[in-house]
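Be aware that the sequence shown starts at 1, since it is given in full-length UniProt numbering, and climbs by one per residue.
Where is the CB? At the ideal position from N, CA and C, for every residue including glycine.
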Amino acid sequence: MYGGDEVSAIVVDLGSHTCKAGYAGEDAPKAVFPSVVGSIDQMEVDEPATTDANSGSAGDAKGMKTPESEKKGKRKLYVGSQSLGFRRDHMEVISPFKDGIVADWDIVDSIWDHAFRNSHHNLGSSLIYALSGV
C-alpha cells in the first residue's frame, strides 16, 4: 500500500451556492462555479409548433401538462458561470436541492460532469477514462 504524500485525491464540495472542486492537500480549489443550472425544457420550446389538439391525454388536450409528460420531456442544462451569464429564451435557473436535500440527481450529475470535464484544469481526466472503460 502506498503511504506517500503524492496521492492526488479529488475533492468535490457541492454546496447550496457554489461547487468547488480540486485536489486534496492544495490551498485552494481548482474550479469554483455556481451550483445551479440553467434549464430549458425542449417540450416548452417545441410545443407551440408541434401541438395537435386531438392527440395526447385529456390533460394535454386542455393545454395542461400532466406529470407523466413533464417527466418524459427532455431538457437542456447549462452549467458554469459562462453558460449562466448568457441570456437564453425560456431558460429557468434551478437548483438541484429542495429543503437542503438533493431533489434532482440529473442536475447533480451535470454539475459533477462540468467539474470533472469542462473545468479549465480538467480534473480527474484519468479517473473519468478509467471509469468509462469498466
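Considering only 91, 90 and 79, the residue with the shortest C-alpha distance to residue 117 is 79. Contact between residue 77 and residue 110 holds, with the beta-carbon distance rounding to 5 angstroms and staying under 8 angstroms. For residue 99, the closest alpha carbon among the candidates 11, 10, 15 and 9 is that of 15.
The Cβ atoms of residue 10 and residue 88 lie no closer than 8 angstroms to each other. Residue environment analysis places residue 101 among the exposed positions, since fewer than 16 neighbouring C-beta atoms fall within 10 angstroms of its C-beta.
Annotation for residue 36: no alpha helix (DSSP H) segment contains it, and DSSP assigns it neither H nor E.
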